[in-house]
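Trainee: Under the UniProt record's numbering, the first residue of the sequence shown carries the number 1, and numbering increases by one thereafter.
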Amino acid sequence: MTRQMHLTVQLISGYGLEPAAWRWPGIDPASFINADVFVKAAQTAERGRFDALFLADTPVLSTDVATAPPQQALEPIVTLTAVARETERIGLVATSSTTLNHPFTVARQFRALDLVSQGRAGWNAVTTSHPGALLNYGTGVPSRGERYERAHEFIAAVMALWGSWEDDALIMDKEAGRFADASRVTPVGLAGRHVASRGPLGLPPSEQGQPVVFQAGGGLNGLRLAGRFANAVYNNPFDIPSGVEHAAAVAQAASTYGRSPDHMTVFNGIITSVASTRKEALERREQLDALGDLETKVAYLGQQIGVPLSIEDIDKPVHQSLLENARANPADPRSPLALELAGEGLTVRRILAHGTMNYHPVALGTPDEVADILQRWHEAGVGKGFNINPDATDGLEHFVDEVIPILQERGLFRREYAGTTLRDHLGIPRQNGLPAGYGQHVGAAS
Ligand SMILES: Cc1cc2nc3c(=O)[nH]c(=O)nc-3n(C[C@H](O)[C@H](O)[C@H](O)COP(=O)(O)O)c2cc1C
């Protein structure tokens, strides 16, 4: 296994992962519609030699706009096209749904982004199941089986369309008047149960051939999809053992389809809160929490450890008489940590600051401590990658300026980009069209 890790960065709507981050000092409250915020973040991440900027996407207004900005509102391809023009090396990964779109549109958009960025595009192919997003497209939620069957056809169609221009088709000989070798630009003529497209696409391959396909979530169905088509996977483990288990399953899924597990990177979601001391990092998180809905958080902490808690308890430890009956909620993998911290006598506010109900595990503390956490996960074999979610936008600068040099010093992260394309950064070969050997493993599909 290569010793070096891979890093993408995610800044939800330009603010950071904490829902209240839009209120954080120094943050532009209009970040969600400000492309400059994404450009600046990408430039900072590029200074830190990150593999890519990642934009998740669910096309639905799911927040209560009375108190919080829309999430992921700025369309990812548009945003990343702006970012591409202001950066040189960093990869650009946009999310696009196989449930809600047409493969020809997706093939065209992502190839365009790949060409505009000189080979830095990635496509996070998701099987959207959010009922509100489906309603925006006028339908209900198809069954999981239907969504994944469509996803297999959809990604195969996109890749076939990408491959409809062969690598050496473009000639552009002005003297001879020959623009392209038409015999190398051919229709794909696909017609499946869910999608159909004649092709060919009107765009040639980029410097990396075609965009890197990422896959996110979805249990066994997601694993099969990733094993068949993807070179990178997003995962949300709450602890190291489940991260290791998932990475092994991803590698196995790739092998099942005759593809190299070495060409797969699993990016594990981590929230980072970096400060000069661990105490300061916890205080930073407490200040962020205080800008959001603390009442709901306290009540939910009560559910995690099976005791009644309310906002009046915020600055007290959980009372001994309650602790005697406390139990970690088996339905929430973050509950054992919450129970452990309560048992240590921490105040409710301080327990929450440890990230006991955050979407990803929280790596908090000094730059050295945060680097230690990443190193521990990495060396345990969680799949080589992390998707870094700074708690608030300024957290990205702390990470790049303070944590990255430590990772570099330890030989865990690149000092310079080895190449120019996203495939170069991920250490995967050029590809233009369907994976080699596609179709030989159909029996294992969907
Ligand atoms: C780390 C991670 C990131 C995801 N990002 C997105 C996203 O940006 N947009 C989206 O629609 N779904 C996203 N998903 C959802 C998955 O694509 C999938 O639909 C979800 O896990 C539900 O599983 P199912 O499709 O098997 O029902 C993500 C899932 C995970 C685990």
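Glycine included, C-beta positions come from ideal geometry on N, C-alpha and C. If you're wondering where the values come from, they're calculated on a predicted model, not measured in any experiment.
Just grab the DSSP bridge partners of Ile77 for me.
Mentor: None; Ile77 has no bridge partner.
Trainee: Starting from the Cα of Gln215, find the closest Cα among Leu201, Pro205, Ala230, Gly209 and give me that residue.
Mentor: Here the closest residue by C-alpha is Ala230.
Trainee: What's the call for Met1, buried or exposed, on a 16-neighbour Cβ count within 10 Å?
Mentor: Note that Met1 scores 45 on pLDDT, short of 50, meaning its location in the model is unreliable; the coordinates nonetheless yield the value given after this. Met1 comes out exposed.
Trainee: Measuring only the C-alpha atoms, how far is Leu7 from Gly385?
Mentor: Each residue's Cα considered, the two are about 6 Å apart.
Trainee: Taking 6 Å as the cut-off, is the C-beta of Ala125 nearer than that to any heavy atom in ligand 1?
Mentor: Because no heavy atom of ligand 1 lies under 6 Å away, the Cβ of Ala125 does not count as near it: no.
Trainee: Pick helix, strand or coil for Val195, following the three-state DSSP scheme.
Mentor: Here Val195 sits in coil by DSSP.
Trainee: Pair every Cβ in the stretch 240 to 255 with every Cβ in the stretch 14 to 23, then say whether three or more of these pairs are closer than 8 Å.
Mentor: No, the stretch 240 to 255 does not touch the stretch 14 to 23.
Trainee: Does the beta carbon of Leu301 sit closer than 7 Å to a beta carbon anywhere in chain B?
Mentor: The chain labelled as chain B is not found in the depicted structure, where only one protein chain is given.
Trainee: Buried or exposed: which applies to Met172, given that a residue is buried once 16 or more other Cβ atoms fall within 10 Å of its Cβ?
Mentor: Looking at its Cβ environment, which holds fewer than 16 other Cβ atoms inside 10 Å, Met172 is exposed.
Trainee: Can you tell me the Cβ-Cβ gap for Met264 and Ala248, rounded? I've got them flagged as a contact below 8 Å.
Mentor: Their Cβ separation, rounded to whole angstroms, is 11 Å, which puts Met264 and Ala248 out of contact at 8 Å.
Trainee: Would you mind sorting Asp380 into buried or exposed? The rule is 16 or more other CB atoms within 10 Å of its CB.
Mentor: The question names Asp, but residue 380 in the sequence shown is Ala. By the neighbour-count rule (16 or more Cβ atoms within 10 Å), Ala380 is not buried but exposed.
Trainee: Using only alpha-carbon positions, find the residue among Arg85, Val318, Leu291, Gly227 that is nearest to Gln304.
Mentor: It is Val318 whose Cα lies nearest to the Cα of Gln304.
Trainee: Mind checking which residues open and close the beta strand (DSSP E) that includes Val362?
Mentor: Its beta strand (DSSP E) spans residues 362 to 365.
Trainee: Thr356 and Leu341 look like a contact to me (Cβ under 8 Å); what is the Cβ gap, rounded to whole Å?
Mentor: Yes, Thr356 and Leu341 are in contact; Cβ-Cβ is about 7 Å, under 8 Å.
Trainee: Quick one, are the C-beta atoms of Val78 and Asn136 less than 7 Å apart?
Mentor: No, these two residues do not count as a Cβ contact at 7 Å.
Trainee: Using a Cβ-Cβ cut-off of 7 Å (strictly less than) and excluding sequence neighbours within five positions of Leu294, which residues of its own chain qualify?
Mentor: Around Leu294: Ile311, Ile314.
Trainee: Gly217 to Phe267, Cα distance in whole Å?
Mentor: Between Gly217 and Phe267, the C-alpha separation is close to 11 Å.
Trainee: Could you tell me whether the stretch 149 to 161 touches the stretch 422 to 439, where touching means 3 or more Cβ pairs closer than 8 Å?
Mentor: A contact exists between the stretch 149 to 161 and the stretch 422 to 439.
Trainee: Thinking just about the alpha-carbon of each residue, which of Pro211, Leu323, Ala331, Thr420 is nearest to the one in Phe238?
Mentor: Among Pro211, Leu323, Ala331, Thr420, the Cα nearest to that of Phe238 is on Ala331.
Trainee: Got a sec, what are the start and stop residues for the alpha helix (DSSP H) Ala157 sits in?
Mentor: First-last of the alpha helix (DSSP H) with Ala157: 144 to 162.
Trainee: Below 7 Å between beta carbons: does that hold for Leu407 and Ala371?
Mentor: The answer is yes: Cβ separation under 7 Å.
Trainee: Quick check: does the Cβ of Thr95 come within less than 6 Å of any heavy atom belonging to ligand 1?
Mentor: Checking every heavy atom of ligand 1 against the Cβ of Thr95, one is found closer than 6 Å.
Trainee: Could you pull the start and end residues of the alpha helix (DSSP H) that residue 447 belongs to?
Mentor: Here the chain covers residues 1 to 446 and nothing more, so residue 447 does not appear.
Trainee: One question on the structure: do Ile271 and His378 come within less than 7 Å of each other, judged by their Cβ atoms?
Mentor: No, they are not a contact pair.
Trainee: Tell me whether Ala56, by its Cβ, gets closer than 6 Å to a heavy atom of ligand 1.
Mentor: For ligand 1, at least one heavy atom lies less than 6 Å from the Cβ of Ala56.
Trainee: What are the boundary residues of the alpha helix (DSSP H) that includes Ile171?
Mentor: Not the alpha helix (DSSP H): Ile171 falls in the beta strand (DSSP E), residues 170 to 173.
Trainee: Taking DSSP's pairing of strands, which residues face Thr271 in a bridge?
Mentor: Here residue 271 is Ile; the residue named in the question, Thr, does not match the sequence. Answer is Val362, Asn389.
Trainee: Just to check my reading of the structure: Thr98 and Thr127 have Cβ atoms closer than 8 Å, yes? What is that Cβ distance to the nearest angstrom?
Mentor: With a Cβ gap of about 6 Å, Thr98 and Thr127 count as contacting.
Trainee: May I have the straight-line CA-CA distance separating Glu149 from Arg85, to the nearest angstrom?
Mentor: Each residue's Cα considered, the two are about 36 Å apart.
Trainee: Just the Cα atoms here: how many angstroms apart are Thr347 and Ile12?
Mentor: When rounded, the distance between both Cα atoms is 29 Å.
Trainee: Just list the residues that DSSP pairs His6 with in beta bridges.
Mentor: The partner list for His6 (beta bridge, DSSP) reads Gly385.
Trainee: Which residues in the same chain have their Cβ closer than 6 Å to the Cβ of His130, if we skip the five residues on either side of it in sequence?
Mentor: Correct list, in chain order: Thr58, Val60.
Trainee: Considering only C-alpha positions, which residue in the set Thr139, Arg327, Glu146, Glu280 is nearest to Pro308?
Mentor: Taking only the C-alpha atoms, the option nearest Pro308 is Arg327.
Trainee: Compare the Cα-Cα distances from Ala367 to each of Asn387, Ser273, Leu92 and report the closest residue.
Mentor: Here residue 367 turns out to be Pro, not Ala, going by the sequence shown. Of the listed residues, the one whose Cα sits closest to Pro367 is Ser273.
Trainee: Rank Leu100, Asp36, Thr67, His102 by C-alpha distance to the C-alpha of Thr81 and give the top, closest one.
Mentor: Nearest option by C-alpha distance: Asp36.
Trainee: At a cut-off of 6 Å, would you count Tyr234 as near ligand 1, judging by its Cβ distance to the nearest heavy atom?
Mentor: Checking every heavy atom of ligand 1 against the Cβ of Tyr234, one is found closer than 6 Å.
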